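FYI, full-length UniProt numbering numbers position 47 of the sequence shown as 47, with every residue one higher than the one before it.
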Amino acid sequence: MTTQILSVPEVYQGQFGDFTITKSDRTGVIIYRTGLIIAAISFALASGLALFYPHEATAIQAITPLYTCFSLALGVSLLTIHIYMKLLHQILQLFWIIGSITAFILGHFDSQPFAITVYNQPLTLFGIGFTFAALTGIFFKEGFCFNRLETKILTPLVPLLLLGHLAGTLSTQSEEILLGIWVIFFLIFALRKTVQKIPTDIGDKSVFDYLKNQGLANG
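And the structure:
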């Protein structure tokens, strides 16, 4: 006789009641983390080209598709990330949309390569900078929730580099160093997410249910 063992989903105790984690929940987390990995690798490759081959036309041209890959992967992560505050989640997604539209315009309607345009015209950061504001939002959320050292470094570092370039207060060497640190810690952050337990990224589902019900009641 064959004994069939049925897997019973683990029940978690939340702030507003018990909950279980479904296959769909786990898939969402995997997609979120995959997006982060792709974004981090794409960003690292693009940054490497900018740092080590700044005068080679082919390398500079290659930054454009790498940035596109970074942006799209980040958008997927922003779509699947678990954030209790719905308004904050929507703001980060809106930031990504604004940054992506700006990058698309610069990448397709400017005569110079995308990377050259952004570097030589810092005012473009008022547009594409929204993408990095959304990325910083992810770093802040991860640092707040999981007390990760790399995200605590990245949260102030990203705006420091971008605003410093915008204001013209950073030397080229300083910008290169900060960019290198950004790349290293972004990769560390993304890689560490792959070994983190999936339920931790889902959070307390009872809170999401509570907030959803509150919204329906108030609506």
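C-beta atoms are modelled at their ideal positions from N, C-alpha and C, and glycine is treated no differently. Just so it is clear, the structure is predicted and the values come from calculations on it, not from any experiment.
Residue from the options with nearest C-alpha to residue i
{"i": "F43", "options": "T200, Q196, A190", "result": "A190"}
{"i": "H94", "options": "Q61, A133, R148, F109", "result": "According to the sequence as given, residue 94 is Leu; it is not His. When only C-alpha atoms are compared, the closest one is A133."}
{"i": "L45", "options": "G129, A62, Q196", "result": "A62"}
{"i": "L162", "options": "I153, L187, L123", "result": "L123"}
{"i": "W96", "options": "C69, T155, T131", "result": "T131"}
{"i": "P159", "options": "G129, G203, L78, Y53", "result": "G129"}
{"i": "I41", "options": "Q196, F185, G203", "result": "F185"}
{"i": "F126", "options": "A103, S174, I198, P199", "result": "A103"}
{"i": "L157", "options": "E142, L179, L106", "result": "L179"}
{"i": "I153", "options": "I188, Y119, E176", "result": "I188"}
{"i": "L49", "options": "Q13, E176, I38", "result": "E176"}
{"i": "I38", "options": "S111, D25, L66", "result": "L66"}
{"i": "E142", "options": "L170, I83, S111, V183", "result": "I83"}
{"i": "D110", "options": "T64, I98, V183", "result": "T64"}
{"i": "R192", "options": "E150, F19, T20, H55", "result": "E150"}
Cα-Cα separation, residue i to residue j
{"i": "T194", "j": "D201", "result": "11 Å"}
{"i": "Q121", "j": "L87", "result": "32 Å"}
{"i": "V29", "j": "T80", "result": "7 Å"}
{"i": "L139", "j": "Q90", "result": "It should be noted that the sequence gives Phe, not Leu, for residue 139. Straight-line Cα distance between these residues: approximately 16 Å."}
{"i": "I181", "j": "L74", "result": "19 Å"}
{"i": "R33", "j": "H165", "result": "30 Å"}
{"i": "L72", "j": "K205", "result": "27 Å"}
{"i": "T27", "j": "L78", "result": "15 Å"}
{"i": "V148", "j": "I116", "result": "Here residue 148 is Arg; the residue named in the question, Val, does not match the sequence. When rounded, the distance between both Cα atoms is 33 Å."}
{"i": "T22", "j": "F208", "result": "14 Å"}
{"i": "F144", "j": "A167", "result": "29 Å"}
{"i": "T155", "j": "T136", "result": "5 Å"}
{"i": "F16", "j": "M85", "result": "16 Å"}
{"i": "I198", "j": "A57", "result": "42 Å"}
{"i": "S100", "j": "L106", "result": "10 Å"}
{"i": "E10", "j": "Q173", "result": "52 Å"}
{"i": "D25", "j": "I31", "result": "10 Å"}
{"i": "H108", "j": "F114", "result": "8 Å"}
{"i": "L51", "j": "Y119", "result": "12 Å"}
Residue(s) in a DSSP beta bridge with residue i
{"i": "V11", "result": "T20"}
Extent of the continuous alpha helix (DSSP H) to which residue i belongs
{"i": "E176", "result": "172 to 194"}
{"i": "P54", "result": "Where P54 is concerned, there is no enclosing alpha helix (DSSP H), given that its DSSP letter is neither H nor E."}
{"i": "residue 220", "result": "Missing from the structure shown is residue 220; the chain here goes from 1 to 219 and no further."}
Subject >> Those runs of the alpha helix (DSSP H) which lie wholly inside the region 88 to 159 and span at least 4 residues >> reply: Those alpha helix (DSSP H) runs which fall completely within the region 88 to 159 and span 4+ residues are 114 to 120, 125 to 146.
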